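Just below is one structure, and these are the notes that go with it.
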Amino acid sequence: MTDYTRLTAAQLADALASGETTSVEVTQAHLDRIAEVDGAIHAFLQVDAEGALAAAQGVDEARAAGEPLGLLAGVPIAVKDILATRGLETTAGSKILAGWIPPYDATVVTRLRAAGMPILGKTNMDEFAMGSSTEHSAYGPTHNPWALDRIPGGSGGGSAAAVAAFEAPLAIGTDTGGSIRQPAAVTGTVGTKPTYGGVSRYGIIALASSLDQAGPCTRSVLDAALLHEVMGGHDLMDSTSIDAPVPPVVEAARRGDVSGMKIGVIKEISGEGFQPGIKRLFDESVQLLVSRGAEVVEVTCPSFEKGLAAYYLILPSEASSNLARFDAMRYGLRVGPEGVEHPSAEQVMAATREAGFGDEVKRRIILGTYALSAGYYDAYYGHAQKVRTLIARDFAAAYEKVDVLVTPTAPTTAFKLGEKLDDPMAMYLNDVATIPANLAGIPGMSIPNGLAAEDGLPSGFQILAPATKDERLYEVAAALEAALHDSWGAPILAQAPALAGKADN
Amino acid sequence: MSALSRDEVAHVAMLARIQLTDGELDRLAGQLDQIVGFVATVGEIAAADIPPMSHPLPLENVTRDDVVRPSLTPAEALAAAPKVQAERFAVPRILDED
Numbered sequence: 001m002t003d004y005t006r007l008t009a010a011q012l013a014d015a016l017a018s019g020e021t022t023s024v025e026v027t028q029a030h031l032d033r034i035a036e037v038d039g040a041i042h043a044f045l046q047v048d049a050e051g052a053l054a055a056a057q058g059v060d061e062a063r064a065a066g067e068p069l070g071l072l073a074g075v076p077i078a079v080k081d082i083l084a085t086r087g088l089e090t091t092a093g094s095k096i097l098a099g100w101i102p103p104y105d106a107t108v109v110t111r112l113r114a115a116g117m118p119i120l121g122k123t124n125m126d127e128f129a130m131g132s133s134t135e136h137s138a139y140g141p142t143h144n145p146w147a148l149d150r151i152p153g154g155s156g157g158g159s160a161a162a163v164a165a166f167e168a169p170l171a172i173g174t175d176t177g178g179s180i181r182q183p184a185a186v187t188g189t190v191g192t193k194p195t196y197g198g199v200s201r202y203g204i205i206a207l208a209s210s211l212d213q214a215g216p217c218t219r220s221v222l223d224a225a226l227l228h229e230v231m232g233g234h235d236l237m238d239s240t241s242i243d244a245p246v247p248p249v250v251e252a253a254r255r256g257d258v259s260g261m262k263i264g265v266i267k268e269i270s271g272e273g274f275q276p277g278i279k280r281l282f283d284e285s286v287q288l289l290v291s292r293g294a295e296v297v298e299v300t301c302p303s304f305e306k307g308l309a310a311y312y313l314i315l316p317s318e319a320s321s322n323l324a325r326f327d328a329m330r331y332g333l334r335v336g337p338e339g340v341e342h343p344s345a346e347q348v349m350a351a352t353r354e355a356g357f358g359d360e361v362k363r364r365i366i367l368g369t370y371a372l373s374a375g376y377y378d379a380y381y382g383h384a385q386k387v388r389t390l391i392a393r394d395f396a397a398a399y400e401k402v403d404v405l406v407t408p409t410a411p412t413t414a415f416k417l418g419e420k421l422d423d424p425m426a427m428y429l430n431d432v433a434t435i436p437a438n439l440a441g442i443p444g445m446s447i448p449n450g451l452a453a454e455d456g457l458p459s460g461f462q463i464l465a466p467a468t469k470d471e472r473l474y475e476v477a478a479a480l481e482a483a484l485h486d487s488w489g490a491p492i493l494a495q496a497p498a499l500a501g502k503a504d505n
Numbered sequence: 001m002s003a004l005s006r007d008e009v010a011h012v013a014m015l016a017r018i019q020l021t022d023g024e025l026d027r028l029a030g031q032l033d034q035i036v037g038f039v040a041t042v043g044e045i046a047a048a049d050i051p052p053m054s055h056p057l058p059l060e061n062v063t064r065d066d067v068v069r070p071s072l073t074p075a076e077a078l079a080a081a082p083k084v085q086a087e088r089f090a091v092p093r094i095l096d097e098d
């Protein structure tokens, strides 16, 4: 009997279209898998078995009635807990939103529902997407399916781990500084951050509005393209949404032809100073692309050096403003200060935010408030915005010479849970290769490119394309994926250790 | 040299409406001092004639058509409120005593 949790979304779509299986059967298989392994992984904060099966039933009936259906109709999906889901608890990993049932759907969620995709549940994340390890979730960390004592990346560690552990064929992530790509890298999965404005932000709890972008988390490049196509496109409910069709990502993923393409290696992020096994795999992947007909060009992006510092000013500044909405008045937690008989709204707000926010959120709100305060604005936020201009110019100059840029996605493989928790600066350094894309608004993608020799853990290969040219990510990723599969004989997750559960035997 | 003192952290936390315990203040002040020291390196760029970039897209004045569309009912809007009174959000007193 086919184990439907092991198929890609594209394979599931074929099996559903041919009548080989039903969405109810496929959805139930994933719910069973979640019941078996999620105790150990903790990828999910909420599992909505009832809602998922009802949606599956609906799409099965529609198919039986001969109604026209989208390609991914009936394929179940997990959704990061930062997207509002009507009727389904949404917390963004924070205590301040414990028990919040959104009265509306994010546009991305509306599109998933319209595409007939059952929502399995909501995935764990660093609180308000602030973190690179999922350890800042108020509901406990997610564990990496490759090694349960290691981080699954963050902030979208739940979505990446759910896909890596075969609990869901697809998941939605959001990426503000690497929160889709870095978890993909450390879990051996695929993740795309589309061009800023390519996917609607309506209904996504805002972290840093000028950086946030939702995207697909999958096990294959084609699956990412299929999901990208469902999620993306213009939305009147997001004023920063691009009024243009979704780039031809599926076509590019099916083609995967890099012959004649110019691929830029960025001198400043070419793996020097990264874990040696990651550097080696990166160099090998670049050679694989050369063997498929690509030309490699070295480019230099001197301003990237200041990117991390600029990011950790811009993000906290925007976050401190966005998170001011958690004021204990209209929704979310409300607690009064101890020992105050008739507290003012201001005192209630301060006490609620003290009780409801975790350390990392407090750190970043305070940092952002400081950076924006009178007397410091020019030195901090003002300068950071200028660095942003310089980084965008570095990209523009590089794309004069090359079609795409490539880097290792993260400097190390998955580190141990707890290892960097008390050292925020060490945690921030994980994002060095991913944040330039967010600052410039360009699309980026990570695909697994092997297991590092030192520790046998997955490494990620990042591709960056010019704004609105998302299809180039998929063109290159599909070519590299095909070359890597040729050498491995199977997708990388075939090498992942078995988790307790019947599917692994 | 300290980039950010404990007193400054306490003041900024007040501005951000986050009440901090003494223990938290001790811990966060040390960490924030280190972080501020790092992010301050953005000041090392020669910035004179570089325009600031606030946003990746050059969009201006994006508006929707001014048409009535479905929205939340009062019951839906109030469903998650900590306290409701007469179909309104009920909030603590908004004026300070002094």
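Respectively, the protein sequence lines represent chains P and D. Just so we're aligned: 74 in full-length UniProt numbering is position 74 of the first sequence, and the numbers increase by one with no gaps anywhere. Just so we're aligned: 92 in full-length UniProt numbering is position 92 of the second sequence, and the numbers increase by one with no gaps anywhere. Note that the Cβ used here is the ideal one computed from N, Cα and C, for glycine as well. Fair warning: this is a prediction, and the values are worked out from it, not measured in the lab.
- Rounded to whole angstroms, A10 (chain P) and M1 (chain P) show a C-alpha spacing of 19 Å.
- If the five residues before and after A115 (chain P) are omitted, its C-beta is found closer than 7 Å to the C-beta atoms of G70, L72, A73 and V230, all from its own chain and listed in chain order.
- Contact annotation: the segment 326-335 of chain P does not touch the segment 311-318 of chain P, with fewer than three C-beta pairs closer than 8 Å.
- Across the segment 121-142 of chain P, no CB contact with chain D closer than 9 Å is found for any residue.
- Contact residues of the segment 45-64 of chain D toward chain P are I45, A47, I50, P51, P52, M53, S54, H55, P56, L57, L59, V62 and R64 (C-beta to C-beta distance below 7 Å).
- Taking a 10 Å sphere around the C-beta of I41 (chain P), we find 16 or more other C-beta atoms and assign the residue as buried.
- Taking C-beta separations shorter than 6 Å and ignoring five residues to either side along the sequence, the partners of G157 (chain P) in its chain run T134, T142 and P183, following chain order.
- At a cut-off of 8 Å between beta-carbon atoms, I366 (chain P) makes contact with chain D.
- The alpha carbon of I205 (chain P) has as its nearest neighbour, out of P:T176, P:I34 and P:E338, the alpha carbon of P:T176.
- Non-local beta-carbon contacts of A452 (chain P) in its own chain, meaning distances under 7 Å to residues more than five positions away in sequence, involve Q275, G277, I278, L281, T413 and S459 in chain order.
- Secondary structure of G87 (chain P) (DSSP, three-state): coil.
- In this structure, A253 (chain P) lies near Y474 (chain P), with their beta-carbon atoms less than 8 Å apart.
- Sequence-ordered contacts of the segment 31-46 of chain D with chain P read Q31, L32, Q34, I35, V36, F38, V39, A40, T41, V42, G43, E44 and I45 [C-beta pairs closer than 8 Å].
- A distance below 8 Å between beta-carbons, with the five flanking residues on each side excluded, links D283 (chain P) to the following residues of its chain, in chain order: G271.
- Checking the DSSP bridge columns, you'll see T123 (chain P) partnered with P:F44 and P:K80.
- From the beta-carbon of L28 (chain D), the residues of chain P found nearer than 8 Å are D359, K362, R363 and I366.
- Within the same chain, Cβ atoms closer than 8 Å to the Cβ of R255 (chain P) are found at E475 and A478, the five residues on either side in sequence being excluded.
- Per DSSP, the continuous beta strand (DSSP E) segment holding F461 (chain P) begins and ends at P458 to L464.
- With a threshold of 16 other beta carbon atoms within 10 Å, T73 (chain D) falls short and is exposed.
- Contact between S94 (chain P) and A138 (chain P) is confirmed by a C-beta separation of about 5 Å, below the 8 Å threshold.
- Here the alpha carbons of Q462 (chain P) and V297 (chain P) stand approximately 16 Å from one another.
- Taking 8 Å as the upper bound for CB-CB distance, G260 (chain P) and G293 (chain P) are in contact here, some 6 Å apart.
- Nearest to L15 (chain D) by C-alpha distance, out of P:E346, P:A467 and P:Y399, is P:E346.
- Per DSSP, S321 (chain P) is not a residue of any beta strand (DSSP E); the alpha helix (DSSP H) it occupies stretches across G307 to N322.
- The distance from the Cβ of S132 (chain P) to that of N430 (chain P) is about 4 Å, consistent with a contact at the 8 Å cut-off.
- In the displayed model, P436 (chain P) falls within a helix according to three-state DSSP.
- The Cβ of A81 (chain D) sits closer than 8 Å to at least one Cβ of chain P.
- Taken in chain order, the whole alpha helix (DSSP H) runs of length 4 or more contained in the segment 129-170 of chain P are 157-164.
- Under the Cβ criterion (8 Å, minimum of three pairs), the segment 339-358 of chain P does not count as touching the segment 105-121 of chain P.
- A distance of 8 Å or more separates the beta carbons of L4 (chain D) and A13 (chain D).
- Secondary structure at V109 (chain P): helix, using DSSP grouped into helix, strand and coil.
- Cβ proximity to chain P below 8 Å picks out L4, E8, V9, V12, A13, M14, L15 and A16 from the segment 4-16 of chain D.
- No Cβ-Cβ contact shorter than 8 Å links A98 (chain P) with T90 (chain P).
- Close partners of R93 (chain D) in chain P (Cβ separation under 7 Å): H342, S344 and A345.
- Across the structure, A244 (chain P) and A494 (chain P) are spaced so that their CA atoms are roughly 38 Å apart.
- Neighbourhood of L25 (chain D) in chain P, by CB distance below 9 Å: empty, with the nearest CB roughly 10 Å away.
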